[in-house]
Amino acid sequence: MKLALNIKTSLSQTLTPQQIQYLKLLQLPIVQLEQHILQEIEQNPMLDEFDDQEMENEIPSSPVNEDLNLFENESRIPIQATNTEDYGTDYYGDDYQDPVASIDDQSDPFEFYKMLWQDDTEFMPSGSGGSDDDDSEPFQIKDQSNFAQELFGQLSLYELSEEELIAADYIIGNIDDDGYLRRDMKDIVVETNSQIAEINFNAQQTQYLKQNQKPNIEHKNPALKYALNSESVELLEYAEKLKSDDFVFNLEKSKSQFRLNSSSVEIKILKHITLDTAEKILKIIQNLDPPGIGSRNIQECLVAQCKAFRNPSNEQKLALEILKNAFDAFIKKHYHLILRQYNITEDTLRNVIEEIKKLNPKPGGGDFHAELNTVIPDFVVEKEEETDELVISVNDSRMPMLKLNKAYEVLKKEAKAKQFNKDTKNWIRNKFEDAKFLIQAIRQRKNTMLKVMTAIAGMQKDFFDEGVTAIKPMIYKDVSDNTGLDISTVCRIVNGKYVQTEFGTFELKYFFSEALPNDDGEDISTTVIKQILKEMIESEPKDKPYSDDKLAAFLKEKKYNVARRTVAKYREQMKIPVARLRKEL
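For the sequence shown, the tail end lands on 584 under numbering that gives the first Met the number 0, and the numbers increase by one without skipping.
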């Protein structure tokens, strides 16, 4: 094989780190973007945010691209006017006389931040003395316990052994957010016994170390090392008493009189639990508040709640019997089998079903993690009453208003005097460039998002005027052609974003749908067909719900050529059950 050197010319496209960061900012929703900005403020000392007083007094300059003048009435991220073009090697000249005292940043890293705060009360840490009100009471934070702690607190009212409490802790720890125990009880028993074995081992190890611990005492006479200790002397005296004819040996009395020291006290060995013991503990947990917590399936959950009724009525008693003995027929809505099995009327069964509907199928209620799942819209689309035009705005009221930190001017002066080494100067320059780029990237992100949302609103203007039934078919390529942006950029902006309208809050993906031609040759959005299908199912007779074939026939009467399997697909996408499961008495 010959070795040779060849010259080759190629053209490739690569993304800079700034471009990658900008693409990441595009796909962040409003809440995650807020968290990202706060994190950048903490990590970059060159970034700062406007306070309320500055927002009232300052009007920051933020030049906007002339091609985006249609957005100039929207809210902007204020940026402090700072001449950044002169940042370069000139600030590191030798002819600058620094009025500030020299600081050695290598000797004490904290002196760097002292210099930032020097002679400038704006950058002094808040709460650093100087307050006359020293007796003010600190703010008290309310202690909030989670659901698992509340359950374990209720268990303290029961007389449970230490082994049973360990098992209960494992069971409660494996309960999910809905309140169900999804894990096999045998695995929980194995883990509990492993924990008990570890506790016993640690206790025995501690006991052994105490008994065999030799005091580290240096004796002048080496023979004293082999002298009898106080315990041995006491034991010999006790043996001498046993040999004496005058000593009457009383076993119980001797046990109470003679005691070894604390190191020889017997330790408590915990016993392993069995599967039956774990089942008994689980039944106790299921009777806690809320009833049914820790159930392994929906039947066990509903049965536990029915058993928790105080002075149950006849319907509640019958509901318990049906859930225990006719659960399969009940969930499949084979009501005729239940009527025949219990010899009851439809009115009675209807009352029983109403009692069962009052039960909670998710006793946990998602409270194990107290997080508020609220959709915060990224866009707000409103209609002006006078001009009847759509006003589109980005919901950036939650985001901090960014500016460049004033301490940067001090840092430039320090850098001129060469008080910082090369690494420090590079660090200052990089942090400044990062802060400047972040501010520009956020402004550009806002303009790009407004551009995409304006295109969507323009193509779906009938939706914002009339509602869901007026939505038109639209794909990502349509928005890409309208805005001149790449399809991948449109996807990044659309994914995970929401818009608030007068008809409700919708995900941006909701406005994108395929086209389906009707008998007149007009393209209809599949979203419109789904909405019509949903309205037909909501208005159907509850005792005889429409089958998929019947729904397809009704759509054909409305000049929508939709096959039965397509109806079934749309119904499943909307999470609507089949006709048999929609039946009611």
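Glycine included, each C-beta is placed from N, C-alpha and C at the ideal position. Please read these numbers as outputs of a predicted model, since none were measured by experiment.
**OP:** Count the CB pairs spanning the stretch 310-318 and the stretch 379-396 that are closer than 8 Å, and state whether there are at least three.
**Re:** no
Original post:
Who are the near neighbours of Asn5 in its chain, counting only those whose CB is closer than 6 Å to its CB and skipping five residues on each side?
Top reply: Start at 1 with the first residue of the sequence shown, and residue 5 comes out as number 6. Spatial neighbours of Asn5 in its own chain (CB-CB distance under 6 Å, excluding positions within 5 residues in sequence) are not present.
Original post:
Since Ile321 contacts Ile337 with CB under 8 Å, what's their CB separation in whole angstroms?
Top reply: Taking the first residue of the sequence shown as position 1, residue 321 is located at position 322. Taking the first residue of the sequence shown as position 1, residue 337 is located at position 338. Contact holds; Cβ gap of about 6 Å.
Subject >> Cys490 versus Ile474: straight-line alpha-carbon distance, rounded >> reply: For the purposes of this step, residue 490 is identified with residue 491 of the sequence shown, where counting begins at 1. For the purposes of this step, residue 474 is identified with residue 475 of the sequence shown, where counting begins at 1. So the alpha carbons of these two residues sit roughly 10 Å apart.
Original post:
Do Glu524 and Lys471 have their C-beta atoms within less than 8 Å of each other?
Top reply: To locate residue 524, count along the sequence shown from 1; it is residue 525. To locate residue 471, count along the sequence shown from 1; it is residue 472. In the sequence under discussion, the amino acid at residue 524 is Ser, which differs from the Glu named in the question. Against a cut-off of 8 Å, the Cβ pair of Lys471 and Ser524 comes out as a contact.
Original post:
How many angstroms separate the CA atom of Asn43 from the CA atom of Asn429?
Top reply: As a position in the sequence shown, residue 43 is number 44, starting the count at 1. As a position in the sequence shown, residue 429 is number 430, starting the count at 1. Answer to the nearest angstrom: the Cα atoms are 10 Å apart.
Subject >> Whether Phe378 touches Val498 by CB criterion (8 Å) >> reply: Taking the sequence shown and counting its residues from 1, the one referred to as residue 378 is at position 379. Taking the sequence shown and counting its residues from 1, the one referred to as residue 498 is at position 499. Cβ atoms of Phe378 and Val498: closer than 8 Å.
**OP:** Give the range of the beta strand (DSSP E) segment to which Gly503 is assigned.
**Re:** The residue labelled residue 503 in the question sits at position 504 within the sequence shown. Its beta strand (DSSP E) spans residues Gly503 to Glu506.
Subject >> Residues of its chain near Gln530, where Cβ-Cβ distance is below 7 Å and the 5 sequence neighbours each way are ignored >> reply: For the purposes of this step, residue 530 is identified with residue 531 of the sequence shown, where counting begins at 1. Same-chain partners within the cutoff: Val467 and Thr468.
Original post:
Quick one: Cα of Asn394 to Cα of Leu584, how far?
Top reply: The residue given as residue 394 occupies position 395 in the sequence shown. The residue given as residue 584 occupies position 585 in the sequence shown. The alpha-carbon atoms of Asn394 and Leu584 are separated by roughly 47 Å.
Subject >> Straight-line gap, Ser585 to Ala196 (C-alpha atoms, nearest Å) >> reply: Limits of the chain in this structure are 0 at one end and 584 at the other, which puts residue 585 out of reach.
Original post:
Is it the case that the Cβ atoms of Asp485 and Met458 are separated by a distance below 8 Å?
Top reply: The residue given as residue 485 occupies position 486 in the sequence shown. The residue given as residue 458 occupies position 459 in the sequence shown. For Asp485 and Met458, no; Cβs fall outside 8 Å.
**OP:** Answer with buried or exposed for Gly152, where buried requires no fewer than 16 other C-beta atoms within 10 angstroms of its C-beta.
**Re:** Here residue 152 corresponds to residue number 153 of the sequence shown, with the count starting at 1. Counting Cβ neighbours within 10 Å, Gly152 comes out exposed, since fewer than 16 surround it.
Original post:
Whose C-beta lies closer than 7 Å to the C-beta of Ala456 among residues of the same chain, with five residues either side of it excluded?
Top reply: The residue given as residue 456 occupies position 457 in the sequence shown. Its chain contains Val380, Leu389, Ile391 and Phe463 as the residues whose beta carbon lies nearer than 7 Å to that of Ala456, once the 5 sequence neighbours on both sides are disregarded; these appear in chain order.
Subject >> Spatial distance of Lys402 from Asp47 (CA atoms) >> reply: Numbered from 1 along the sequence shown, position 403 holds the residue referred to as residue 402. Numbered from 1 along the sequence shown, position 48 holds the residue referred to as residue 47. For Lys402 and Asp47, the distance between alpha carbons rounds to 5 Å.
Original post:
Who are the Cβ neighbours of Pro360 in its own chain at under 8 Å, not counting the five residues just before and after it?
Top reply: Position 361 of the sequence shown holds residue 360. Only Ile297, Cys300 and Leu301 meet the Cβ criterion.
Original post:
Between Pro516 and the rest of its own chain, which residues show a CB-CB distance below 8 Å, the 5 nearest in sequence each way excluded?
Top reply: If you number the sequence shown from 1, residue 516 lands on position 517. The answer, listed in chain order, is Asp522, Ile523 and Asn560.
Subject >> chain D contact for Gln20 (CB, 8 Å cutoff) >> reply: Chain labels in this structure do not include chain D; a single protein chain is all it has.
Subject >> DSSP state of Ala318 mapped onto helix, strand, coil >> reply: In the sequence shown, the residue the question calls residue 318 occupies position 319. The answer is helix: DSSP assigns Ala318 an H, G or I state.
Original post:
What is the C-beta distance between Ala167 and Leu159, in whole angstroms, given that I count them as a contact (C-beta under 8 Å)?
Top reply: As a working note, residue 167 is residue 168 in the sequence shown. As a working note, residue 159 is residue 160 in the sequence shown. Right, the Cβ-Cβ distance comes to about 7 Å (below 8 Å), so this counts as a contact.
Original post:
What residue from Arg182, Gln31 and Leu550 has the CA that sits closest to Ser294's CA?
Top reply: In the sequence shown, counting from the first residue as 1, residue 294 sits at position 295. For Ser294, the nearest C-alpha among the options comes from Arg182.
Subject >> For Ile171 and Leu281, believed in contact at Cβ under 8 Å, the rounded distance >> reply: Your numbering for residue 281 matches position 282 in the sequence shown. Your numbering for residue 171 matches position 172 in the sequence shown. With 8 Å as the limit, Leu281 and Ile171 do not qualify as a contact, their Cβ atoms being about 10 Å apart.
Subject >> 8 Å Cβ shell around Lys270 - same chain, five flanking residues per side excluded >> reply: Position 271 of the sequence shown, counted from the first residue, corresponds to residue 270. Once the five neighbours on either side are set aside, the close Cβ partners of Lys270 are Glu162 and Ile195.
Original post:
Nearest-angstrom Cα distance between Gln34 and Phe326?
Top reply: Residue mapping note: residue 34 aligns to position 35 of the sequence shown, counting from 1. Residue mapping note: residue 326 aligns to position 327 of the sequence shown, counting from 1. Cα to Cα, the separation comes out at about 48 Å.
Original post:
Can Thr482 and Lys445 be called in contact, C-beta distance under 8 Å?
Top reply: As a first step, residue 482 is located in the sequence shown; it is residue number 483 there, counting from the start. As a first step, residue 445 is located in the sequence shown; it is residue number 446 there, counting from the start. Not a contact, by the Cβ cut-off of 8 Å.
Original post:
Do Leu358 and Gln304 have their C-beta atoms within less than 8 Å of each other?
Top reply: Taking the sequence shown and counting its residues from 1, the one referred to as residue 358 is at position 359. Taking the sequence shown and counting its residues from 1, the one referred to as residue 304 is at position 305. Yes, Cβ-Cβ distance for Leu358 and Gln304 is below 8 Å.
Original post:
What separation, rounded to the nearest whole angstrom, lies between the Cα atoms of Lys558 and Lys508?
Top reply: Numbered from 1 along the sequence shown, position 559 holds the residue referred to as residue 558. Numbered from 1 along the sequence shown, position 509 holds the residue referred to as residue 508. Rounded to the nearest angstrom, the two C-alpha atoms are 26 Å apart.
**OP:** Report yes if the CB atom of Ala551 is closer than 8 Å to the CB atom of Ala562, and no otherwise.
**Re:** Here residue 551 corresponds to residue number 552 of the sequence shown, with the count starting at 1. Here residue 562 corresponds to residue number 563 of the sequence shown, with the count starting at 1. Yes, they are a contact pair.
**OP:** Round the Cβ separation of Leu37 and Thr488 to the nearest angstrom and send it over; I've been treating them as touching at under 8 Å.
**Re:** For this step, residue 37 is matched to residue 38 along the sequence shown. For this step, residue 488 is matched to residue 489 along the sequence shown. In fact, because the Cβ distance is near 25 Å, the residues do not count as touching under 8 Å.
**OP:** Enumerate in chain order the residues of its own chain whose CB-to-CB distance from Ser312 is below 6 Å, with the five nearest sequence positions on each side excluded.
**Re:** Residue numbering aside, residue 312 sits at position 313 when the sequence shown is read from its first letter. Closer than 6 Å at the Cβ level, and outside the excluded window around Ser312, lies no residue.
**OP:** Could you tell me which residues DSSP puts in a beta bridge with Val498?
**Re:** As a first step, residue 498 is located in the sequence shown; it is residue number 499 there, counting from the start. Its beta-bridge partners are Phe378 and Phe505.
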